[in-house]
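Undergrad: With the UniProt record's numbering, letter number 163 in the sequence shown gets 163, and the count goes up by one each step, no holes. Note that CB positions come from ideal geometry on N, CA and C, so glycine has one too. Got a structure for you, questions after.
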Amino acid sequence: MPWWEIIGWTGSALVVISLIVPSIRRFRTLNLAGSLIATVYNVVFGIWPYAAMNAVIAIIDAYWLYRLRSGGREYRFVPAEADSPLVRDFLEVHAAGIEEAFPGFSRSDLSTAGAHLMMCADEIAGVFVHVNNGDEGRVLLDYVTDRHRDLTPGRALYSDEGVRRVVPAALRLARSATSDPAYFERMGFIAEGDDLFLSLHD
């Protein structure tokens, strides 16, 4: 297969794959890459209508990625009773995803926990559940829905305007409690024995 044909198919494949990715940021990134490749391919072979279409799509994707990176979506953290009907309903609806992300999480822990809903406009984007123990808080759950699954909610959550307001001095999380410890490391947690630890007031 000629190289240019491989390049053309690669661009098309990226566009198709982007359509089945739930995360908005990943969708835009894959779609942008595919559209740029398709634009170059169509320019090389003089297929101008498709070159123009893909160039416009790439510009649109780049614009929305810029909006996302520069705070186009703002997240708010609303305190809620961990055992409230709203929190329980969210956990029920997203039970499969939560089980995958936090296999050790049990709803029986809600009676002694604190919770915050992660809001994006009028949508519940996720939930953060923790238990305070002296000067430390233990993370029981940090879960966002597929649509919001990039680093933006996490950065907002662990910022000065997020969880730092409700947890005394530090957060701790058992490494075995999450299927994605790398996410917490990107949020600033460090390995400490079998735990991940984040000092909130350094």
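1. Looking only at DSSP bridge pairs, what is Phe90 linked to?
2. On the three-state DSSP scale, how would you describe His148?
3. Rounded to whole angstroms, what's the CA-CA distance from Phe128 to Val144? Just pull it up for me.
4. Tell me whether His116 is buried or exposed, calling it buried when 16 or more other Cβ atoms sit within 10 Å of its Cβ.
5. Smallest Cα separation from Val93: which of Asp146, Ala170, Gly34, Gly188?
6. Measuring only the C-alpha atoms, how far is Arg67 from Thr29?
7. Please list, in chain order, all residues of the same chain as Glu185 whose beta carbon is under 6 Å from its beta carbon, the five residues on each side excluded.
8. Looking at Leu36: is its Cβ nearer than 8 Å to the Cβ of Ala58?
9. Could you give the residue range of the alpha helix (DSSP H) that holds Phe27?
10. So for Pro85, helix, strand or coil by DSSP?
11. What are the start and end residues of the alpha helix (DSSP H) that includes Gly97?
12. Inspect the beta-carbon positions of residue 203 and Met119 and report whether they are closer than 8 Å.
13. How many angstroms separate the CA atom of Ala177 from the CA atom of Gly188?
14. Work out the CA separation of Arg26 and Ala38 for me, nearest whole Å.
15. Please give the ranges of any alpha helix (DSSP H) in the stretch 153–197, keeping only runs that are unbroken, at least 4 residues long and fully inside the region.
TA: Put simply:
1. Here residue 90 is taken as the residue at index 90 of the sequence shown, counted from 1. Answer by DSSP bridge pairing: none, since Phe90 is not bridged.
2. For the purposes of this step, residue 148 is identified with residue 148 of the sequence shown, where counting begins at 1. It is helical.
3. Translated into positions along the sequence shown, residue 128 becomes position 128. Translated into positions along the sequence shown, residue 144 becomes position 144. Answer to the nearest angstrom: the Cα atoms are 9 Å apart.
4. Taking the first residue of the sequence shown as position 1, residue 116 is located at position 116. Counting Cβ neighbours within 10 Å, His116 comes out buried, since at least 16 surround it.
5. For this step, residue 93 is matched to residue 93 along the sequence shown. Closest option to Val93, Cα to Cα, is Asp146.
6. Taking the first residue of the sequence shown as position 1, residue 67 is located at position 67. Taking the first residue of the sequence shown as position 1, residue 29 is located at position 29. Whole-angstrom Cα-Cα distance: 13 Å.
7. The residue labelled residue 185 in the question sits at position 185 within the sequence shown. The answer is none, since no qualifying residue turns up.
8. Mapped onto the sequence shown, residue 36 falls at position 36. Mapped onto the sequence shown, residue 58 falls at position 58. Yes, these two residues count as a Cβ contact at 8 Å.
9. Position 27 of the sequence shown, counting from 1, holds the residue named residue 27. Residues 24–44.
10. By 1-based counting over the sequence shown, the position of residue 85 is 85. Pro85 falls in the helix class under three-state DSSP.
11. Numbered from its first residue, the sequence shown carries residue 97 at position 97. Note, Gly97: alpha helix (DSSP H), 95–101.
12. Beyond the ends of the chain as shown, which are 1 and 202, falls residue 203; an answer cannot be given.
13. Numbered from its first residue, the sequence shown carries residue 177 at position 177. Numbered from its first residue, the sequence shown carries residue 188 at position 188. Each residue's alpha carbon lies about 17 Å from the other.
14. The count along the sequence shown starts at 1 and reaches residue 38 at position 38. The count along the sequence shown starts at 1 and reaches residue 26 at position 26. Going from the Cα of Ala38 to the Cα of Arg26 covers about 18 Å.
15. 181–186
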